[in-house]
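Note sheet for the following structure.
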Amino acid sequence: MRALFIATVFAFAVTAGAAVKTASLPPNKDVKQKPLSLVRVNVTGQPYDYFRPWQKKAPVSKRALGAVLSKGRVLVTADLVTNQNYVELERAESGEKTAANVEVIDYEANLALLEPSEKNFLDGIAPLDIAADTVVGDRLAAWQLEPTGALVATEGLVTTIQMTKYPVDVGQFLTYRVSIPMQYRENSYTIPLVKNNKLAGLLLRYDPRSQLIDAIPAPIITHFLKEAESDHYRGFPTVGFSYFSTKDPQLRKFGGENGKGGVYVTSVEPNMPAIKAGMKVGDIVMSVGNHAIDENGNYVDSLYGKIDFTNLISAHAYAGDVLPFQIQREGKPMELKVTLEHRDANDYISPPYALDEAPKYLVLGGLIFQELSRQYLKEWGPNWQREAPQRFVYLDRLQSEIFPGEHRRIVILSQVLPANNTIGYDEFAYLTVTKINGKEIKSLNDLAEAVKQPVEDGFIKIETEEDPKQIELDAKSIANEAPELQENYGIPSLQRLD
Amino acid sequence: MIGRGIGAGFVIEGNRIMTNAHVVSNSRYLTVERDGDPNKYQAKVLFVAHDCDLALITVDSPNFYKNMTPLKLGGIPELESTVSAYGYPIGGERMSVTTGIVSRIDFQLYTHSSIDQHLAIQISAQINPGNSGGPVMQNAKVVGVAFQGYSGDVAQGVAYMVPTPVINRFLKDVGDGRYDGYVDLGLTYGKLQNPAQRKFLGLKDDGRGVIVWTVVQAGPCAKILKPGDVLLSIDNHPIASDGNVDLEGEHVEMPEVVERKFKRDNVKFEIWRDKQLTTGSVQLDTVPPYFMQGHKYDVRPRYVVYGGLLFQPLSLDLIEAYQPQDLRLRHFFDFYVIDQLYLEHPDVIVLTNILPDPINTYLAPYRGQIVDSINGKKIHTLDELNQTLSEPADRFVIDMIGDGPPLILDPKQVESARERIRTRYNVVREQNLQEQPLAKPQDLQTKL
């Protein structure tokens, strides 16, 4: 969706429906323009290059509008400041600038809080309050700025409120969908959505063709801000099970449930709250936190009506909370006390994202070893699920099914740099490493240790799941030629393991 | 679906007409015409070789062959020598002739089956639909059968012909009255060019040997080879470390030795294993799991309909018909042979479609999933599925591969809906478990 952000800017294209509002005219020349609760945010970001894991990609500049909140904080989307080298705040009316720090960032909820390095920088700007009561049918205004600093407000209608996937694709979050005839200004990333001069949401994605905005809603923002108050930011909570509708009466009967409602538990993730609380495959979840769940997995929300029950967990509950789950097991009702936890990206076998983090790698004689992650797969672009090596996509998407209960990484031989040691190997790529020198490899650190202990006569034996199954290197020759390899390919260090 | 198509063919000795397999595949009614003869003659197929895209057909009417001189087969034409292609491109009554030169002689994918690779000759003569099956001539001898080309994104105006070694092999194979098809070693192997690897394996620096990667368990080599073995020679031809052998004065890839052989022929290897030299011999055969990944023709698709649910074994034709996006299905297809998935799933049984009925109205989410077991019993083949579903049971709990919920069916409900579904969807037969209609042996042994 981000590619759409580079929409053409039509200077005169503000349409009739858009309420164009500037600050009220001053009664005399001495009165200054009243500052908006917005600041421009200019970011230079530089993502890591997973195909050349020792280096970064070319820097990119992004612009956005941050919402000024109380206590001198500025709220933006996380994808704006991800992999940032430098963040700068700019006052809209004066153009004054200052550097800023990212205080808290949540990639899953796509939110980040910035603080200016100059404490007084935001003085005089009235902070935005949060309006968490938006419902379908409400009108929200998207706030953008003219180059002069004047406000451009475009009004849109909230058409649906539902759970959707956010960019990093971990769980689902509440989302407002707003139908809005908006024109992009300054290719802005973050755009605040405002209701009665209160912050109602932040732009998540925009489809200019259908003129639909998806917005991160105030309840998620509130959750994020509340969590950000704590000393140790924990992130949004999860339960760790997958479920299926019980609309099929045969499946209901099989699960031993004769009443109405509930969802069928199809899998429980190892080491996650659901399994710790005793949940099992085949259970039927009837209610969560005293909200009854229908056969499609919806509860009745006081604001939104029927909506997926995961909203009860992500928006309304916090890590550490204990939620009662009423279940039916083989026809008998039971209550499970589920202590919610946040699942860290590193607690996956193939982490769903790795941002602001340098990728691990190890180069051995020209063979490049890495750990499989979705961040790596996303190097194949938006269609990575079709275009990335299919075995890797399969391992990533079905990781918990393929390695049930395992705490490990998948080490891959991602590519081969042609060199003296890799003669005859240079066509190998995208292989899954199983063993090195006879030792099982479950992380890049395992691999780094195993290569230090060559098998007989100084050979390093590498075994892969796929063809070629096994290849060997000469440990001494690798050591001898390492400086030349580094020099030749411009690799500052042959490994990064943390 | 009924469609019409035309191609070309040429008469060879024995009143036989040679053409492409793809010209006559799935044909229900076949006629041939001669240049300058107003009659249409009904023809019948003698042999079809889908793996090398060749077919032999014949006409019963002796009038057809009157005054006709059969064409003779030549050898492999020289690179850059001129050849002429004859056929009926884009239809038309009159024969068309195009000329070009021999551009390349190499192994190519034969797209008709889309799993077979054989020798093919690229020529610069124009070949278009309707040329298919026509002879490519040089010095009044047939040097190839025009069969496929490329046009579009990758390359343009690239035309290929089936060369005479492939044609001769086909003619020899059918000599006993049936076509057995190409045999295969059923293994993957790699070059042995890395000095460290050669040293590790205890090999001399003599540029010889290839290393065995995967041995297909259903293939002929499973008895004598295992991954990591080094093949030093095949039928006494030394194998170079780049995988080539010298065969009749030509430098060709190792499988070429097998290409020229037939079912039940033997092949002998010198094997280097654990730094010891041994020898081994295998009797060659086809490797059936590969066929799942290739196109099928002249066969009736296998299926079972139960409770309006259509179960079919995974195949290339199924993938092309349903274009599934499902990752698991694509994985089972892509890695069926190389990961030896066929050992546990000789048939990968997919719930491909649902004929809507009140008894299956909530089952749509199961579409595209793969059957793992029924009532706790692993299902390996379509026959087993059919058998299990016809046994008496209170209910069928069908577990699909993966984390999804089981699919539950009540046999009583299925039985009560059976006539309704049969009538509503005009289901003539609820299952077909055999690809071939049960043929009498004499049908297969058509006399020439």
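Protein chains in written order, with our numbering: chain F, 665 to 1162; chain C, 897 to 1344.
Just so you know, even glycine gets a beta-carbon here, dropped at the ideal spot from N, CA and C.
This structure is a prediction, so every number in the text was calculated from the model and none was measured.
Each residue's CA atom was taken as its position, placing F/A1093 and F/V1075 some 13 Å apart. Judged by their CB atoms, F/R803 and F/T824 are not nearer to each other than the 8 Å cut-off. The Cβ of C/P1242 sits no closer than 8 Å to any Cβ of chain F.
Rounded to whole angstroms, F/D947 and F/V986 show a C-alpha spacing of 19 Å. For F/Q1134, the nearest CB of chain C lies under 8 Å from its own CB, placing it at the interface with that chain. The bridge partners DSSP lists for F/W807 are F/A817.
Contacts between F/R1061 and chain C, judged by CB atoms closer than 8 Å, involve L1223 in chain order. For the pair of segments examined, the segment 829–844 of chain F was found not to touch the segment 716–734 of chain F: the number of CB pairs separated by less than 8 Å stays below three. Taken in chain order, the complete beta strand (DSSP E) segments of 3 residues or longer contained in the segment 871–906 of chain F are 876–881.
Counting of Cβ neighbours within 10 angstroms places C/L1329 among the exposed residues, the total staying below 16. Under the 10 Å beta carbon count, C/G1272 is surrounded by fewer than 16 other beta carbons and is classified as exposed. In the same chain as F/Q1049, and ignoring 5 residues on each side of it, the C-beta atoms closer than 7 Å to its own belong to V1057, in chain order. The closest CA to that of C/V1183, considering only C/K1164, C/R1160, C/S1177, C/Y1199, is found on C/R1160. The beta-carbon of F/K911 is placed less than 8 Å from the nearest beta-carbon of chain C. DSSP places C/H918 inside the alpha helix (DSSP H), whose first and last residues are 917–920. Neighbours of C/D1299 in chain F, taken as residues whose beta carbon is under 7 Å from its own, are S906, T930, S931, E1065 in chain order.
Where F/T839 is concerned, the enclosing beta strand (DSSP E) starts and stops at 836–843. Against chain C, the CB of F/F918 has a partner CB under 8 Å away; the residue lies at that interface. Considering only beta carbons, the part of the segment 1081–1100 of chain F lying closer than 8 Å to chain C consists of N1085, T1086, I1087, G1088, Y1089, in chain order.
Here F/K1133 is buried: its Cβ has 16 or more other Cβ atoms, across all protein chains shown, within 10 Å. Listed along chain C, no residue sits closer than 9 Å to F/L838 by beta-carbon distance, the nearest being about 24 Å off. Contact with chain C is found for F/Q914, since one of that chain's Cβ atoms lies less than 8 Å from the residue's Cβ. Distances from the alpha-carbon of F/V703 to those of F/A796, F/L1161, F/T854 put F/T854 closest. Contact check for C/Q1189 and C/V1233: beta-carbon distance about 7 Å, within the 8 Å limit, so the pair qualifies.
Following the DSSP letters along the chain, one finds F/T1003 inside the beta strand (DSSP E) bounded by residues 996–1003. Interface residue (Cβ-Cβ distance to chain C less than 8 Å): F/L1158 is not classified as such. With a cut-off of 8 Å on Cβ pairs, the segment 1288–1303 of chain C is in contact with the segment 1246–1266 of chain C, counting three or more such pairs. Taking a beta-carbon distance threshold of 8 Å, C/G1139 does not count as an interface residue toward chain F. A direct Cα-to-Cα measurement between C/L1005 and F/D1060 gives close to 31 Å.
Nearest to C/G1124 by alpha-carbon distance, out of F/D1131, F/D1090, F/D1162, is F/D1131.
Around C/V1070, the same chain offers F943 as residues with beta carbons nearer than 6 Å, after the five sequence neighbours per side are excluded.
Chain order gives the chain F residues near C/H1227 as Q1054, R1055, Y1058, where near means a beta carbon separation below 8 Å. The Cβ of F/L1041 sits no closer than 8 Å to any Cβ of chain C. Bounds of any alpha helix (DSSP H) do not take in F/Y928; it lies within the beta strand (DSSP E) bounded by 927–932. Note on F/Y870: 16 or more other CB atoms within 10 angstroms of its CB, so buried under the neighbour-count rule. Within its own chain, the residues whose Cβ lies closer than 7 Å to the Cβ of F/E933, once the five positions on either side in sequence are excluded, are G904, F905, I939, S1064, listed in chain order.
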